[in-house]
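See structure below.
Protein chains: 4
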Amino acid sequence: MSDTQPVSRAESPERAALYGRLDKADSAPLWAVMSQLVTPEPRPRCVPHKWNYAAMRKLLLEAGDLITAKEAERRVLVLENPGIRGISQITQSLYAGLQLILPGEIAPSHRHAASALRLIIEGHGGYTAVSGERIPMAPGDFILTPSWTFHDHGNLGDDPVVWLDGLDVPIVNLFDASFAEAYPSGETQRVERIPGEALARYGTNMLPIEYVPEGASSPVFHYPYSRVKEALGQIENAGSPDECHGYKLQYVNPATGGYPMPTMGAFVQQMPSGFNGRPYRSTDSTVYCVREGQGVSSINGELIEWGAGDVFVTPSWCVTSHKASEHAVLFSFSDRPAQKALGLWREQRIND
Amino acid sequence: MSDTQPVSRAESPERAALYGRLDKADSAPLWAVMSQLVTPEPRPRCVPHKWNYAAMRKLLLEAGDLITAKEAERRVLVLENPGIRGISQITQSLYAGLQLILPGEIAPSHRHAASALRLIIEGHGGYTAVSGERIPMAPGDFILTPSWTFHDHGNLGDDPVVWLDGLDVPIVNLFDASFAEAYPSGETQRVERIPGEALARYGTNMLPIEYVPEGASSPVFHYPYSRVKEALGQIENAGSPDECHGYKLQYVNPATGGYPMPTMGAFVQQMPSGFNGRPYRSTDSTVYCVREGQGVSSINGELIEWGAGDVFVTPSWCVTSHKASEHAVLFSFSDRPAQKALGLWREQRIND
Amino acid sequence: MSDTQPVSRAESPERAALYGRLDKADSAPLWAVMSQLVTPEPRPRCVPHKWNYAAMRKLLLEAGDLITAKEAERRVLVLENPGIRGISQITQSLYAGLQLILPGEIAPSHRHAASALRLIIEGHGGYTAVSGERIPMAPGDFILTPSWTFHDHGNLGDDPVVWLDGLDVPIVNLFDASFAEAYPSGETQRVERIPGEALARYGTNMLPIEYVPEGASSPVFHYPYSRVKEALGQIENAGSPDECHGYKLQYVNPATGGYPMPTMGAFVQQMPSGFNGRPYRSTDSTVYCVREGQGVSSINGELIEWGAGDVFVTPSWCVTSHKASEHAVLFSFSDRPAQKALGLWREQRIND
Amino acid sequence: MSDTQPVSRAESPERAALYGRLDKADSAPLWAVMSQLVTPEPRPRCVPHKWNYAAMRKLLLEAGDLITAKEAERRVLVLENPGIRGISQITQSLYAGLQLILPGEIAPSHRHAASALRLIIEGHGGYTAVSGERIPMAPGDFILTPSWTFHDHGNLGDDPVVWLDGLDVPIVNLFDASFAEAYPSGETQRVERIPGEALARYGTNMLPIEYVPEGASSPVFHYPYSRVKEALGQIENAGSPDECHGYKLQYVNPATGGYPMPTMGAFVQQMPSGFNGRPYRSTDSTVYCVREGQGVSSINGELIEWGAGDVFVTPSWCVTSHKASEHAVLFSFSDRPAQKALGLWREQRIND
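Chains as they are written, first to last, in the numbering used here: chain A, 2 to 353; chain B, 2 to 353; chain C, 2 to 353; chain D, 2 to 353.
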């Protein structure tokens with residue numbers, strides 16, 4: 002199929018009659034719809050957009066007054082892309098939300114086929130428990146809850162804790178492969194490991210002897226920002242930045258060298274003050290969360306100014322470039338691993 | 002997120018006001034929609050359904066009188082699942098259609114990011130040209146056109162040729178990764194290889210020395226039914242059938258041992274006369290095309306009688322069992338490779 | 002370490018005294034031996050050599066008069082490379098031998114960690130039983146007995162059957178990883194599968210549904226020459242030969258696309274009459290067995306004339322070119338899979 | 002082939018005559034040698050042995066007085082297994098040596114097909130330069146020089162620096178695949194990266210975006226002991242030790258999750274004071290270097306007492322158990338990756 006002109010819309014009466022019979026037979030003429038089905042280039046319905054952190058934070062705290070984390074199971078504001086409102090999606094394939102947990106609150110344990118990632122935006126004393134280990138949350142930390150692993154959250158500190166959630170729910174639902182269940186005993190899972198245990202076992206360029214990965218997801222659930230910062234600093238000292246991306250790394254599953262989860266990849270990039278990136282595009286619509294600094298990004302010519310905590314999105318195949326007015330760090334995630342696994346991913350540096 | 006009860010719908014005025022502010026901020030309260038987003042089990046909107054071949058063939062021939070293959074670019078009747086009419090899909094993730102090409106007709110060359118597979122239902126003298134090789138079509142043959150390979154069709158014989166098309170268009174579009182183009186020179190691609198060349202090079206348990214696969218799709222585009230039949234016959238002689246599936250094989254990419262294409266898998270199963278299969282379900286909604294024989298399948302209790310040429314579909318996680326009233330061969334395809342690559346696929350034998 | 006000059010042999014008395022103390026301490030001075038240990042290029046001790054089939058066949062038949070297959074367990078003449086006599090090797094890493102089995106004879110079942118391959122040279126009615134399936138031997142057939150699979154041989158025909166054995170025994174022994182045992186019941190293993198079953202299940206570009214390979218070796222044990230010939234014929238019709246190799250294919254494991262066994266690869270090449278190949282070398286010393294035709298090969302300048310049934314060897318990194326005075330087919334095998342798995346393999350086309 | 006009795010040695014005159022003719026034809030009767038070639042279990046010629054560090058250190062310093070590092074290119078005492086003296090091997094497949102570099106010395110750059118690993122035993126101020134990066138050596142650090150990477154060593158400190166070298170030279174030579182060359186300009190390679198750069202880029206559970214590994218060896222050349230100690234401490238706090246191994250980890254290539262190099266694996270194990278390990282054996286002969294503590298190991302019943310710096314070896318398939326009389330850390334390396342890649346590796350826990 003392709004993007005050639007469909008058959009003239011001035012259909013004859015005979016054809017109209019045939020189309021009626023086709024309709025009754027649960028079928029349809031391809032030639033009337035082909036150009037809509039198979040386009041010459043991506044035509045995303047989702048649009049470039051930014052959610053201002055200060056404004057969203059205010060709404061989150063209001064929600065905190067009106068509804069408990071337990072009542073809601075999760076107190077999350079879904080970020081809905083303006084181009085596709087009403088379906089709880091930030092891109093055509095991903096869900097994102099801002100989650101708030103107040104001091105003393107806990108959110109009950111559950112698990113689901115959908116994979117989740119978190120970027121901690123503010124607050125200390127929060128934790129996510131995954132597979133029996135309580136992972137302490139610090140701002141900038143990247144945390145996983147892989148498919149079908151029990152997880153719960155809590156806040157043992159004195160301040161509100163806020164993070165960005167990313168989930169592959171739309172992908173799971175495209176394939177009609179959703180499963181979910183609450184933790185048997187009800188409340189929260191038992192703590193069976195010490196903090197940092199998974200990182201020590203799997204995240205220090207060593208693995209348990211004769212270790213065999215159980216699945217495609219990373220056995221390391223916690224990527225502390227302190228280590229990321231240190232590495233980015235050394236790399237910036239070592240050489241010059243990529244023209245498009247600055248100093249950009251991808252989080253990996255140390256047991257395979259692949260992505261942390263099969264459906265979502267996560268990235269972090271550091272841009273020196275004054276960095277003026279060259280335009281680039283790829284087919285994986287990408288969700289950015291500003292970790293540090295400020296700047297402006299051009300997405301298909303639309304300018305989006307951003308600062309710490311802001312979330313913005315660049316849709317598939319939109320030409321994107323980043324400028325940093327001060328030293329900046331951007332976290333981002335997308336469905337790149339899924340697109341690559343399915344042979345669909347493309348990227349392009351403009352004016353190559 | 003999980004399937005627990007959402008917050009009481011009796012929302013307070015304060016909450017209603019908050020929801021209004023959230024809506025203005027391109028956001029929404031997760032707790033109000035969570036149970037719809039993340040279900041405890043798959044809840045496919047597509048339904049079990051059969052398309053009777055005799056009836057569809059009649060409509061195809063009518064279409065043959067009213068519209069040329071060239072005018073339509075492809076003369077195809079899209080099979081639309083009754084549960085999700087109007088979006089050109091047979092399952093939540095796949096497209097299927099019946100294509101007719103009349104003696105002397107040709108369909109022009111094009112290529113697209115979407116992968117396609119064909120099962121030839123009737124007629125001799127047809128061919129599909131892929132990557133410069135004309136593949137002769139015989140009833141029962143399984144033929145690939147992998148992502149981004151130029152392909153065209155023609156009919157050099159005296160009879161109508163009809164086949165079942167399967168494409169991953171909904172998957173490509175979920176990821177907003179559609180690309181397509183017509184063959185530069187216009188009409189049809191040049192023939193640069195002899196018939197059977199790819200099968201000789203890659204399909205005889207040998208490969209060219211130091212061969213390195215270029216992509217994930219099979220370098221063999223043609224799986225002749227004559228070989229399949231012979232193999233199924235030997236296997237049936239060799240041992241007893243699987244309780245659920247009879248004698249069932251999957252087509253493979255001989256350069257990797259994996260699926261022929263990264264998004265779609267294809268299968269063939271032979272059931273002796275009187276076979277009464279045990280119930281089974283999996284998360285990959287499956288499209289069946291009856292190659293030989295007749296029987297009846299039970300899909301979540303709904304009985305579907307089938308005979309040669311009929312196409313029927315079993316949605317995700319629906320309990321399915323097959324009975325063969327005479328020696329039968331079923332061809333089928335699904336999105337299983339995609340679900341496995343993304344860590345989503347599950348199967349279950351009932352009463353295990 | 003490297004190939005630089007070792008320290009002057011005019012060692013001082015002090016050094017001589019130190020060397021004595023080192024010797025007592027089960028140690029040695031590296032600087033005195035380094036240039037022998039680590040050479041700038043391969044320095045194979047094995048040499049180019051040919052075994053004339055007529056001559057070897059005569060000796061085999063004499064052995065047939067003097068010793069029964071059962072008495073010998075295997076009636077095999079080991080081909081010993083003249084450069085490394087006395088250690089039962091044809092190259093630095095491989096064993097090869099010519100095996101004879103006379104009408105009515107059987108050789109008992111056993112298994113070992115060493116992997117074996119066979120090329121049938123002459124005779125009909127022979128078989129190798131592997132994993133419960135009796136594989137009929139025809140001239141030119143390539144047959145595997147993977148590591149630790151029970152196997153036995155027999156001759157149900159009226160003529161002597163002769164084949165070339167290739168084993169990785171020197172590799173297994175380098176790693177001190179040899180295991181072996183006779184078939185429990187004594188004589189020969191039970192026949193549990195029908196002839197051709199494995200080829201039907203695994204060798205027709207299909208695999209049993211949800212098949213998971215048990216090991217790295219091919220589930221197909223039999224590569225009939227009839228199919229190989231047909232494929233080579235089509236490929237020769239389809240295009241021009243490789244300058245060095247003619248029309249050359251490698252046997253593959255259809256469940257992985259990799260080599261049939263992890264330690265040994267096997268190859269077949271067809272050269273049209275008058276083919277005059279360009280010089281080539283690689284680090285995998287290679288054993289050739291002439292299937293059809295005749296010609297001459299130049300190995301580091303040494304000319305080796307060959308005809309049907311002859312076996313010849315080209316050592317590591319020796320510049321080799323083949324001329325075919327009549328249409329010829331060469332079978333060959335080497336340790337290439339092992340060298341590639343260990344990151345050691347190199348090849349070079351001369352005058353590139 | 003197998004371990005059954007060879008043919009009676011009381012050979013007839015006819016057979017003796019045949020054997021003579023076979024010998025002239027560069028061949029030999031398999032039945033006379035089969036039981037030596039293919040053994041029922043490994044029969045390693047190398048033996049259990051320990052090299053006392055104090056004694057070897059004394060010899061190393063004597064060598065330091067008598068020969069310069071540059072004169073020797075490398076000042077190394079080869080550890081020769083008493084069972085196979087004279088061939089510069091510590092096991093049937095590996096080379097090991099103790100290398101000394103004195104303050105102010107440098108060893109020139111070279112590269113070779115052989116892969117090397119180092120364990121630093123004593124001294125500060127030493128470095129190994131690999132691929133343009135100078136890696137500072139600290140006691141306990143594990144350092145790689147993968148196949149065909151230029152490397153040199155130097156000592157910028159005030160004390161002698163000593164480390165254990167492990168190389169796969171016997172494997173490379175088995176396959177006749179040795180290549181080596183000195184650094185073009187002569188002396189030492191240019192320094193092009195900052196210290197710690199490779200570790201920052203590849204060793205922090207992140208990789209450069211769209212990174213594709215160039216080979217099978219780790220892009221991380223340095224595994225600092227400080228990190229290893231910290232991880233071992235956390236793991237010991239987290240749970241109980243393995244019955245055979247204590248708390249044992251394997252060093253990995255973070256870009257693949259596999260072994261650091263394709264031919265050699267390296268391991269570190271911590272045993273609490275009083276640990277009394279259960280017997281175990283595997284086919285990979287293993288070289289141990291005691292990092293901390295003391296204890297005794299039983300190898301096929303032979304007791305070997307060890308302390309810090311000592312090197313000892315356990316041959317293939319020898320039943321081995323470790324006792325720690327004080328809190329101990331053992332570093333070890335073997336050819337396990339090669340054996341696994343070739344399908345040869347086996348292990349056994351005794352009294353399982």
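Backbone N, C-alpha and C define an ideal beta-carbon position, used for all residues, glycine too. These figures come from a predicted structure and were not determined experimentally.
query, result
"Reducing DSSP to helix, strand and coil, say where arginine 10(B) ends up.", "For arginine 10(B), the pLDDT reaches just 48, beneath the cut-off of 50, and the residue's location in the model is therefore unreliable, leaving the point undetermined."
"For leucine 343(A), decide whether its Cβ has a neighbour in chain D, counting only Cβ atoms nearer than 8 angstroms.", "no"
"How would you write the range of the beta strand (DSSP E) that aspartate 166(D) sits in, first residue to last?", "162-168"
"In the DSSP assignment, find the beta strand (DSSP E) that holds glutamine 349(A) and state where it starts and stops.", "348-350"
"Under the rule that 16 or more other beta-carbon atoms within 10 Å means buried, what is alanine 215(D), buried or exposed?", "It is glutamate, not alanine, that sits at residue 215(D) in the sequence shown. Classification of glutamate 215(D): exposed, given that the 10 Å Cβ count is below 16."
"Along chain B, which residues have their Cβ under 9 angstroms away from the Cβ of histidine 50(A)?", "Asp27"
"Alpha carbons only, please: which of Pro185(C), Trp318(C), Asp166(C) and Glu134(C) is nearest the one belonging to arginine 1(C)?", "What is shown of chain C runs 2 to 353, which leaves residue 1(C) out entirely."
"Taking the C-alpha atoms as reference points, what is the distance between glutamate 244(D) and methionine 262(D)?", "28 angstroms"
"Using the Cβ count rule (16 or more neighbours within 10 Å means buried), how would you classify lysine 51(A)?", "buried"
"I'd like the span of the beta strand (DSSP E) that includes valine 312(D), first residue to last.", "312-315"
"Three-state secondary structure (DSSP) at proline 35(D)?", "Reading off the sequence, residue 35(D) comes out as methionine, not proline. Helix at methionine 35(D)."
"Using a Cβ-Cβ cut-off of 8 angstroms, state whether proline 255(C) counts as contacting chain B.", "yes"
"Taking C-beta pairs closer than 8 angstroms, name the residues in chain D that leucine 95(C) reaches, listed in chain order.", "Here the premise fails: no neighbours, minimum Cβ distance about 10 angstroms."
"Report the neighbours of methionine 207(C) on chain B: residues whose CB is nearer than 8 angstroms to its CB, in chain order.", "Tyr224, Val229, Ala232, Leu250, Gln251, Tyr252, Val253 and Val269"
"Skipping 5 residues on each side, what residues in its chain have a beta carbon closer than 7 angstroms to that of leucine 208(C)?", "Ala256"
"List the DSSP bridge partners of serine 249(D).", "The residue you asked about is not serine; residue 249(D) is lysine in the sequence shown. Paired residues: Gln270(D)."
"Does the segment 160-177 of chain A come within contact of the segment 114-126 of chain A, defined as at least 3 CB pairs closer than 8 angstroms?", "yes"
"Looking only at its chain, what residues have a beta carbon closer than 8 angstroms to the beta carbon of proline 49(C), apart from the 5 residues adjacent to it on each side?", "Ile300, Asn301, Glu303, Ile305, Phe313, Val314, Thr315, Pro316 and Cys319"
"Comparing the C-beta of histidine 246(C) with each C-beta of chain B, is any distance below 8 angstroms?", "yes"
"Per DSSP, histidine 50(C) is paired with what?", "Val314(C)"
"Any beta-carbon of chain A closer than 8 angstroms to the one on serine 179(B)?", "yes"
"For serine 219(A), would you say it is in contact with chain B, using Cβ-to-Cβ distances shorter than 8 angstroms as the test?", "no"
"Take the Cβ of arginine 292(D) as the centre, count every other Cβ of all protein chains shown within 10 Å, and call the residue buried at 16 or more, exposed below.", "buried"
"Name, in chain order, the residues that DSSP records as bridge partners for glycine 155(A).", "Ile107(A) and Tyr128(A)"
"Give the DSSP-derived three-state secondary structure of glutamine 295(D) in the structure shown.", "coil"
"Once you ignore the five residues that flank arginine 270(A) on each side, which residues in its own chain have a CB closer than 6 angstroms to its CB?", "A small fix is needed here, since residue 270(A) is glutamine in this sequence, not arginine. The residues are His246, Gly247, Lys249 and Leu331."
"Rounded to the nearest angstrom, how far is the Cβ of threonine 129(C) from that of histidine 154(C), given a contact under 8 angstroms?", "5 angstroms"
"Could you tell me which chain B residues have their CB closer than 7 angstroms to the CB of glutamate 198(C), listed as they occur along the chain?", "Gln235 and Ala239"
"Are the C-beta atoms of isoleucine 351(B) and some chain C residue less than 8 angstroms apart?", "no"
"Nearest to glycine 133(A) by alpha carbon, out of Val288(A), Ser186(A), Asn352(A) and Pro196(A)?", "Pro196(A)"
"So, under 8 angstroms CB-CB, leucine 78(C) and leucine 99(C) are touching, yes? Tell me the CB distance rounded to an integer number of Å.", "5 angstroms"
"Return the chain-ordered list of same chain residues with a C-beta closer than 8 angstroms to the C-beta of tyrosine 184(D), the five sequence neighbours on each side being excluded.", "Pro109, Ser110, His111, Arg112, Phe151, Asp153 and Gln190"
"In the DSSP assignment, find the beta strand (DSSP E) that holds tyrosine 1(C) and state where it starts and stops.", "No answer is possible for residue 1(C): it lies beyond the span of chain C, which begins at 2 and ends at 353."
"On the CB-based measure, 16 or more other CB atoms within 10 Å of its CB, does alanine 55(D) come out buried or exposed?", "exposed"
"According to DSSP, is alanine 239(A) part of a helix, a strand, or is it coil?", "helix"
"I'd like to know whether the C-beta atoms of phenylalanine 268(B) and glutamine 251(B) end up nearer to each other than 8 angstroms.", "yes"
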